[in-house]
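Okay, so here's the structure we're looking at.
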Amino acid sequence: MGSEGLITVRIKTTVHMPEVPAEVEMGQGAVLRDLLMKLLQKLPIANELIDRGTGEIKLEGLFEVRLNAVPRNSLPAGDTTELHHGDILTLSLILLGGG
Amino acid sequence: MEEYSVIGKRVPRIDAREKVMGEAKYAADYGLPGMLWCKVLRAPYPHARIVNIDTNRAMRLPGVKAVVTGADFGGWTWGFMATTRDEPPLAVDKVRYLYEAVAAVAAVDEETAEEACELIKVEYEQLPGIFDPEEAMKQGAPVIHDYRPNNVSVEYHWNFGDVEKAFADSYIVREDRFETGKVVTGFLEPPASLAYYDPSGQITVWAAKQSPYFHYRHLAACFRLPLSKIRIVQPFIGGGFGGTKNDSVAGDFCVVMLSKKTGKPVKYVYTMEEVLTTCRRRHNMIIYNKMGMTKDGILTAVESRVIGNGGGYTAIGPLTMYLTGSGTTLPYRLPNYKYDAWRVFTNNPVSAAMRGHGFTHTRFACDVQMDMLGEELGIDPVEIRMRNAIDNPAPGTEYRTVNGIGIKTCGLKEAITAAVADPLWADREKTPKQEGFVSHGVGLSGTTYQGGARQLGHQSCGAIIRICEDGTVNFLTGATDCGQGSDTVLSMIAAEELGVRYEDIAIKRVDTAYTPVDPGSYGSRVTLLAGQATQLAARDAKRQLLEAGAKTWNCAPDDMEIKNGFAYLKADPEKRMSFEKLAKIACYEGAGAVIIGRGHSSYGLETIDFNRGTGNGGTSYSFTAQTVRLGVDMETGKVDVTDFTIAHDAGVPLHPVSVESQNEGGAVQGLSQAVYEGFIMENGVTYNRTLLDYKMPRSTDVPDIKVIDIITNDPDGPFGAKEASEGSIVSTPPAVISALHAATGVWFKKLPVTPEDIVKGLKEAGKWGVKD
Amino acid sequence: MEQITIFVNGQRHELLIKPWATLLDVLREDLGLTGTKEGCGVGECGACTVIMEGRIVNACLILAAEAREKEIITIEGMAKGEELHPIQQAFVDIGGLQCGFCTPGMVLSTKALLDKNQNPTDEEIRKGLEGNFCRCTGYTKIIESVREAAERMKG
């Protein structure tokens, strides 16, 4: 358990992304969506990843996301999956010709 | 080798007739009524802010129909990954390399369009430029992209095993600085495209693209249209070699935008000068290489520090730096490996992929350094390679490198053995070493290249086999033949799988409205991945045909076979019918049927971690051993390369003519990189910008080339194939360096090795002007 | 605009051309003969090779006006209908081509060479093709094709 009820999540990336930190502290009860919003907003292309109208996070064809090695789209609770201290989020940038 | 009807035969290329007749149409050969011509305006500075663009005078020139600038594209940018989309179709806020495109004009003819370009007034604020990658990495260097304030486009730091300990325990360690040159693809057909933007919201383009499906996605995103409304028709391509024709260039986007504005078709054709000064080129790299060995010449560790010159934008750079490192653990056993690499932005034209992508740089450094260590240890070039080469794994087993590459077949030892048994190497002591001023030398290299590249997001590719009712076959492929001969090989695969003759296959080339998706020609993937898709599509069509045939003969489909254009009963081959008859039965009997076979490649993907260097980006790897014989004039430094022997393990040569041609062409391109080609640039300006000044080999420059096929029958390639496109461009430069050393006693570590470099090296070694 | 008469592949053409038009422009744009290619546009690559009055020339360097009243052979004039010229057939059979962009020029240079010299040595073949740049093949199978064509045309 982190300090004062904060949980620490480790972030792994597979391609150099200097805007993305190696570790993030989230509040108790934080879910995957909260973490993704926090990370993606740092990126210059945030507007493309987060729909301004609906708030939907659209990463298909751009990023592959895994929480503790489970693909985001396979998580039973999806983006509302609760985070725990020591969780590992892996962000893989997809290299796509024409992408 | 198995007995095949079509595979392995020296059939004529499927497109040979139209090409020798001049009937094959390339992008620039297309025209439409009412067509306008496009010319691009380019910036006169390598680094400058664009303050204002005034197009009024240009617009008023008679014959001008439209002008576009960066603003017309609404801030859209592209790149190979979501976070590296830093390149606009036309420069918007600033230009980052000399002659970067800034505006474009559509007019009734090329002369008017050119004149109009000169009337466009662009106000620039010049910015200090930075041209050397090592300088660009330093504190205080001008920043090229705000999102990378240290000018580092991408960097990786890999560490496998324990290099520190390994070096400490080594008997001998060397550290050398190597440098690869500024070279370009050198295709003869300049980029060109004819575009029509239909006001109903459809784009049709005839474009010189070796990855038309990349361009299709670019246009959909740029013009905010669904993919279903983007139609790229692929003409014949006049040479690709990666980079420019995989990516989209300014002209490609401008003709579509101009067509949208004018309602007319618009065409552009780049000049060769535009190609040489602005198009994609190979990354030139500085490789600080450290290598250790035991007293017996066994590799202990390699540490590579690589700086890649990225030019003004990212493009495919992240993959380049990954490939540059990933091949170092091949083709020799390497237990400890450290790789630190930086791709750096500079105010130069964009560096991108080119044949031999990545591996070229580090295989050159490592192969030469291996020889240097061998020389110090007193172990000859053949022996040192044989002691370290990966053995051919036994069937069903796999060799794994420390970074996770799996090798199921490796014919390197066989290739080296074959190459050195050939008289070029075997009899090298029999001819006089020196004749007058000319000193002869024979060199050797042993290298590898990746095939069946599978690192990208959209990996899979498809094929469709459509059986015409008369038994002839339409083969729809998504893959693009940019000259390498893939159309021929894929058609051979289709014919072999279906059981028909090669002549019965009619290939239908890429038209994104009708053909299945395929990422295109790069990474030596077409024969392997599109080949597999073709096999599966053919088997699907064959199954449907046999089902119909089995009904007629009242047997099970498995009781039947098709070969050489006839369907027959396996148990009684005398009972047979022609393929034509079988097709007619299938299509017309009863309610009839439409026989369409489909397949897509199923090789899947291994997770590649670019940051850590783990994972396997290829389906299989080719291995090449090469010998080179040359003569050096010890007074003028002029090099005359007379002979190559190339022993190449491509698994199984499916089309031997193409495998030979690819090896020959790749080797000549590699030779050129080693001793002829190189951009002479200073402060972002290219001085040699014509084909005469950017010297590439002519018929009088090339050696006699012998190609030896090494057969290893790889389980992961159609009919056992592995790549045969890039092996020899990687094997040639180190073999040439080895030969230069044999001739002069000097090790040259910077490419290209010019006559001036040779004279300088000879003088430093006290050997200049040595005569027989 | 200027009026010129040129003879291309045995056919007479009367054309209205711009004074600065090159023979290459006229062949491709006015006559629709796109077999002759533009590579470098400055006479260095041989992609625009045609035969003019029996000699190979770079069409991009010849003003159309210079070609008036002259006999030009382009790649389209080599085959007789569907029947390939022996040189073309040799290139097909040996595989002396890959992308094909340099091929029309190579075939015509070969014709000019073999018309003058039925028995060229390898050196003479290489010299004869020196003005035609190829990036794909490394020239090896092109030289083999010319050798084969020479053999076939002798017998």
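Protein chains in written order, with the numbering used here: chain A, 34 to 132; chain B, 6 to 777; chain C, 725 to 879.
The beta-carbon is built from N, C-alpha and C at its ideal position, and this holds for glycine as well.
Keep in mind the model is a prediction, meaning the values are calculated, not measured.
- The C-beta distance from I12/B to D492/B rounds to 15 Å, too long to meet the 8 Å contact threshold.
- Within the model, the alpha-carbon separation for G609/B versus S465/B is close to 8 Å.
- Contact between the segment 258 to 277 of chain B and the segment 236 to 246 of chain B is not established, with fewer than three Cβ pairs separated by less than 8 Å.
- Within the DSSP bridge table, the entry for M686/B names T691/B as partners.
- Around T647/B, no beta-carbon contact reaches into chain C at under 7 Å, the shortest distance being about 12 Å.
- Contacts with chain C (Cβ-Cβ distance below 7 Å) from the segment 470 to 489 of chain B involve C487, G488, Q489, listed in chain order.
- Within chain B, A87, T88 have C-beta atoms less than 9 Å from the C-beta of L76/A, given in sequence order.
- Under the Cβ distance rule, P437/B does not count among the residues neighbouring chain C, no pair being separated by less than 9 Å.
- Going by DSSP, A431/B is part of the alpha helix (DSSP H) stretching over 428 to 431.
- Beta-carbon to beta-carbon, F183/B and T351/B are separated by about 19 Å, too far to satisfy the 8 Å threshold.
- The three-state reading of DSSP puts R65/B in helix, counting H, G and I together.
- Beta-bridge annotation (DSSP): R182/B is paired with Y293/B.
- K44/B carries a strand assignment under DSSP once its states are collapsed to helix, strand and coil.
- Using a Cβ distance threshold of 9 Å, Y152/B and F615/B do not count as a contacting pair.
- Contacts with chain B at 9 Å (Cβ-Cβ) do not include Q735/C.
- Runs of the alpha helix (DSSP H) lying entirely within the segment 399 to 443 of chain B and spanning at least 4 residues, in chain order: 417 to 426, 428 to 431.
- DSSP places I849/C in the uninterrupted alpha helix (DSSP H) bounded by 846 to 852.
- Counted as a single uninterrupted DSSP element, the alpha helix (DSSP H) harbouring I389/B occupies residues 386 to 393.
- Taking the Cβ atoms as the reference, G476/B lies roughly 5 Å from F584/B, within the contact range of under 8 Å.
- With a threshold of 9 Å between beta carbons, L128/A makes contact with chain B.
- In terms of Cβ geometry, T717/B and D654/B form a close pair [threshold 9 Å].
- Residue contact with chain C for V633/B: absent (no Cβ-Cβ distance below 9 Å to any residue of chain C).
- Near chain B, meaning a CB-to-CB distance below 7 Å, the residues of the segment 36 to 64 of chain A are T46, T47, V48, H49, M50.
- Residues of chain B whose Cβ lies closer than 7 Å to the Cβ of G94/A are, in chain order, G462.
- When DSSP assignments are scanned along the segment 80 to 144 of chain B, the uninterrupted stretches of beta strand (DSSP E) that are 3 or more residues long and fall wholly within it turn out to be 106 to 112, 126 to 131.
- Using a Cβ-Cβ cut-off of 9 Å, Y31/B counts as an interface residue toward chain C, since at least one Cβ of chain C sits closer than that to its own.
- The beta carbon of E381/B does not come within 9 Å of any beta carbon belonging to chain C, so the residue lies off that interface.
- Pairing Q460/B with L128/A gives a Cβ-Cβ distance under 9 Å.
- Shown here, Q374/B sits in a helix according to DSSP, grouped into three states.
- At the C-beta level, L82/A and L92/A come within 9 Å of one another.
- Taking 9 Å as the threshold, the shortest C-beta distance from Q207/B to chain C does not fall below it.
- Taking C-alpha positions only, Y404/B is separated from L335/B by approximately 10 Å.
- Taking the C-beta atoms as reference points, M359/B is found no nearer than 9 Å to T329/B.
- Annotated as distal: K143/B and R62/B, with beta-carbon spacing of 9 Å or more.
- Boundaries cannot be given for H809/C, as no alpha helix (DSSP H) includes it and DSSP labels it neither H nor E.
- Within its own chain, the residues whose Cβ lies closer than 6 Å to the Cβ of G448/B, once the five positions on either side in sequence are excluded, are V633, A740, S743, A744, A747, listed in chain order.
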